[in-house]
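Peer 1: The working numbering numbers the first residue of the sequence shown as 429 and each following residue consecutively.
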Amino acid sequence: MYNCMPYQLQSILSRGLTALEGLMKVNRSFLSCSTFLNSDLDLDAWSNNNTLGVQAVSVDANGRCSTYAVNNWLADLAGVHREEMVARMAYYDMNLASSEFRQICTHISGMMMLMSWAKVGFQGIPVRYLYSRWNKRFARGGEQEGVLIRQGFNPMWDKDGNFIGAVRTMEVVSEDEYDQVLLHNPEACELLAIQAVGKKPGKEMVSQRLLKEESIGYMVSNMEGRAQLLRLASMLESLFIPFIAEYENMQSPFNQQ
429 MYNCMPYQLQ SILSRGLTAL EGLMKVNRSF LSCSTFLNSD LDLDAWSNNN TLGVQAVSVD
489 ANGRCSTYAV NNWLADLAGV HREEMVARMA YYDMNLASSE FRQICTHISG MMMLMSWAKV
549 GFQGIPVRYL YSRWNKRFAR GGEQEGVLIR QGFNPMWDKD GNFIGAVRTM EVVSEDEYDQ
609 VLLHNPEACE LLAIQAVGKK PGKEMVSQRL LKEESIGYMV SNMEGRAQLL RLASMLESLF
669 IPFIAEYENM QSPFNQQ
């Protein structure tokens, strides 16, 4: 996927993500080795919930995901057993849950959200609700139809204000609900993707065709798709510039003495 991208997008992704990861490592809000999955959460109650998907991730002292938990609802959506899903997540061996293009946008938006939370020490952060497309049976691969999901993101921190992980809840919503949110609150509907490729109604979002049209290989093969990728690169350049500058300044030998 990365090798198919236009050079401009490859370059800014490499520089921007390197800067974000570097800044997260030195941000003291992340410096906590979390055990909250074993001590603070009722995983058994989650497992018995058949209407709501739940995923919890704890973060180690380097700001990297260290342990995972999911309930049966989410594993069923992925098309695998819960134990297999947790193991594959731990080894970074999970298929994409959405289109290639949207998965890139989601990853970037997630990192930007973490950085904004870190600036306020993760204190007083409300649950944030976002709407997106997920592939049915995404862990099985293949071009499957999608489902529209309302996700709630709840950051977790310890008594000292260190970020230790997050809990994400997932609930299926109708195309009508998605369309209403898209109309009145588009920033909750994968705003970065919208800015690059435009708004797409719920019916189009759940179609199998979306996976093909938003695969990086397909996008670079046609004029419209390539223009959308270059638009994303330009947007990321603006988003990443302050982080890249801060990271490069931190790496300067004059600041390491």
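Quick reminder that beta carbons are idealized off the backbone N, C-alpha and C, glycines included.
#1: Can you find at least 3 beta carbon pairs, one from the segment 525–535 and one from the segment 621–632, that sit closer than 8 angstroms?
#2: Within the continuous alpha helix (DSSP H) that includes SER442, where are the two ends?
#3: Would you say the segment 572–589 touches the segment 625–641, given that touching needs at least three Cβ pairs under 8 angstroms?
#4: Taking DSSP's pairing of strands, which residues face TYR559 in a bridge?
#5: Per DSSP, which one or two residues make a beta bridge with MET598?
#6: Exposed or buried, what is GLY593 when buried is set at 16 or more other beta-carbons lying within 10 Å of its beta-carbon?
#7: Rounded to a whole number of angstroms, what is the C-alpha to C-alpha distance between ASP586 and PRO554?
#8: Report yes if the C-beta distance between GLY450 and MET598 is below 7 angstroms; otherwise report no.
#9: My guess is that GLY444 and LEU657 are in contact by the Cβ rule of under 8 angstroms, so how many angstroms apart are they, rounded?
#10: If you reduce the DSSP assignment to three classes, tell me which class SER666 lands in.
#11: Taking C-beta to C-beta, are CYS617 and TYR557 nearer than 7 angstroms?
#12: Got a sec, what are the start and stop residues for the alpha helix (DSSP H) ASP607 sits in?
#13: Hey, could you find the ends of the alpha helix (DSSP H) ASP504 is sitting in?
#14: Applying the criterion that 16 or more other CB atoms from any shown protein chain within 10 Å of the CB defines a buried residue, is THR534 buried or exposed?
#15: Compare the Cα-Cα distances from ALA518 to each of ASP504, GLU676, GLY507, VAL498 and report the closest residue.
#16: Does the segment 435–444 come within contact of the segment 666–673, defined as at least 3 CB pairs closer than 8 angstroms?
Peer 2: Result, derived from the coordinates:
#1: yes
#2: 435–454
#3: yes
#4: ARG578
#5: GLY481, GLN579
#6: buried
#7: 16 angstroms
#8: no
#9: No, GLY444 and LEU657 are not in contact; Cβ-Cβ is about 15 angstroms, not under 8 angstroms.
#10: helix
#11: no
#12: 603–612
#13: 500–506
#14: buried
#15: VAL498
#16: yes
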